[in-house]
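Working notes for the structure below.
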């Protein structure tokens, strides 16, 4: 079943507007409106060489200032102050970005002292190893649809429908572009585990069949989610997720109660490519373009997450990790998001849809037993 994107409301923007200065919230909304209207301009872009100053801006999110991001404006920004973080394909300094937003985009409210602008070089943002065969298969492991010959993504977690007859089904959650081929998939298509990039083939490695997906709107329509469900044989899957143990991968449960992420929150994910990674939520309400192999879609209300490592930031995810469930970094492991895209090699940011919007859109509950 193909379903439409949920209507974008205040519940879908990923943050409580009352917690931030009005000018900051208004600036974000104005920039989102301008960027989401660039569908025709961006449809012809083939490389960074084609970018203009306006299309160099990939998106925007609300963050909080940290010392490493102060740069030359350190005297004007207080630690923890809400900031307007602007995602760029190519580097620009803060003054140039402010001039672009205030003057060329005509977002005058961004000139306010209550709207400190932080440039974040993400590169272009694109849709994106636990690659072995496993039965029953846990979350965090490789899966894919039968269409793309060289792709794999991640089985996120298990769920069940909220009403009959879907409440009798065991449904795995992942991204539309992983198991429904960015709208091209047919209901009933075989989902393989491992995915095709990891030598999985259908029907030999069938784990589920495509059951439902939320349609990705390309061009200028604002999207909230990239998500889909597949109907699985309960004997072929399990509700835990993979993590790295001393003697190899082990499986651990996640909470069935979802939560909301906040700026600075420590989070965790298990995915097909980078396996287990930890990260920090850098921005909420992230609003940005995402490339889907020649097509572009605009998303709003995402979480922007930077991976953390012993010696500095690391990628939170890479291609193949799409579909991974993002949870709180604690013993409870409360789901807060689902990875669906990441920036290119120039940045360590990844982007996740809000888990509550994912489950609402797919009309499912996360389960820990089957």
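In the numbering used here, the protein residues as written are 346 to 715. Ideal Cβ placement from N, Cα and C applies to all residues, glycine included.
Query                                                                                                             : Result
Length of the line joining the Cα atoms of residue 430 and residue 516                                            : 36 angstroms
Backbone CA spacing between residue 443 and residue 540 [nearest angstrom]                                        : 44 angstroms
Inter-residue spacing [alpha-carbon to alpha-carbon] between residue 384 and residue 398                          : 15 angstroms
Closest by C-alpha distance to residue 553, when choosing among 650, 481, 362, 646                                : 481
Close Cβ partners of residue 610 (< 6 angstroms) along its chain, the five nearest in sequence each way excluded  : 626
Assigned secondary structure, residue 531 (DSSP; H/G/I helix, E/B strand, else coil)                              : coil
Rounded distance between the beta-carbons of residue 589 and residue 620, thought under 8 angstroms               : 6 angstroms
Short Cβ contact (8 angstroms threshold) for residue 700 with residue 601                                         : no
Residue 485: first and last residue of the uninterrupted beta strand (DSSP E) it sits in                          : From DSSP, residue 485 is part of no beta strand (DSSP E); its letter is neither H nor E.
Contact belief for residue 404 with residue 632 at Cβ below 8 angstroms, rounded distance in angstroms            : 5 angstroms
Proximal residues to residue 595 (C-beta, below 7 angstroms), its chain only, five neighbours per side dropped    : 588
Residues that DSSP places opposite residue 633 in a beta bridge                                                   : 404, 644
Span separating the alpha-carbon of residue 395 from that of residue 441                                          : The pLDDT assigned to residue 395 is 49, lower than 50, so where the model puts this residue is not dependable; a value taken from the coordinates is nonetheless given after this. So the alpha carbons of these two residues sit roughly 19 angstroms apart.
Touching by the beta-carbon criterion (3+ pairs, under 8 angstroms), the stretch 504-523 and the stretch 447-461  : no
Neighbourhood of residue 349 by C-beta, 7 angstroms cutoff - its chain only, sequence neighbours within 5 removed : 560
Spatial distance of residue 569 from residue 408 (CA atoms)                                                       : 19 angstroms
4-residue-minimum alpha helix (DSSP H) runs that sit fully inside the stretch 455-526, ordered along the chain    : 521-524
Rounded C-alpha distance that separates residue 571 from residue 347                                              : 12 angstroms
Of the residues 478, 681, 661, the one placed nearest residue 651, counting alpha carbons only                    : 661
Distance, residue 669 Cα to residue 677 Cα                                                                        : 17 angstroms
Straight-line gap, residue 466 to residue 698 (C-alpha atoms, nearest Å)                                          : 20 angstroms
Anticipated Cβ contact below 8 angstroms, residue 366 with residue 427, distance rounded                          : 6 angstroms
Delimiting residues of the beta strand (DSSP E) encompassing residue 657                                          : 657-659
Delimiting residues of the beta strand (DSSP E) encompassing residue 573                                          : 573-577
Through-space distance from residue 694 to residue 778, alpha-carbon basis                                        : The requested residue 778 is not part of the displayed model; the chain covers only 346 to 715.
Buried/exposed call for residue 510, threshold 16 Cβ in 10 Å                                                      : exposed
Residue burial classification, residue 438 (beta-carbon count within 10 angstroms, cutoff 16)                     : exposed
One or two residues paired with residue 586 in a DSSP bridge                                                      : 484, 597
With 16 other Cβ atoms within 10 Å as the buried cut-off, status of residue 501                                   : buried
Inter-residue spacing [alpha-carbon to alpha-carbon] between residue 361 and residue 629                          : 10 angstroms
Whole-Å CB distance - residue 709 paired with residue 504, under 8 angstroms assumed                              : 4 angstroms
Burial state of residue 656 (16 or more Cβ within 10 Å)                                                           : exposed
Nearest-angstrom beta carbon gap, residue 622 and residue 664 [assumed within contact, 8 angstroms]               : Incorrect: roughly 14 angstroms between the Cβ atoms, too far for contact.
Boundaries of the beta strand (DSSP E) in which residue 557 is found, first to last residue                       : 551-559
Endpoints, the alpha helix (DSSP H) within which residue 544 is located                                           : Where residue 544 is concerned, there is no enclosing alpha helix (DSSP H), given that its DSSP letter is neither H nor E.
Beta carbon of residue 374 nearer than 8 angstroms to that of residue 455                                         : no
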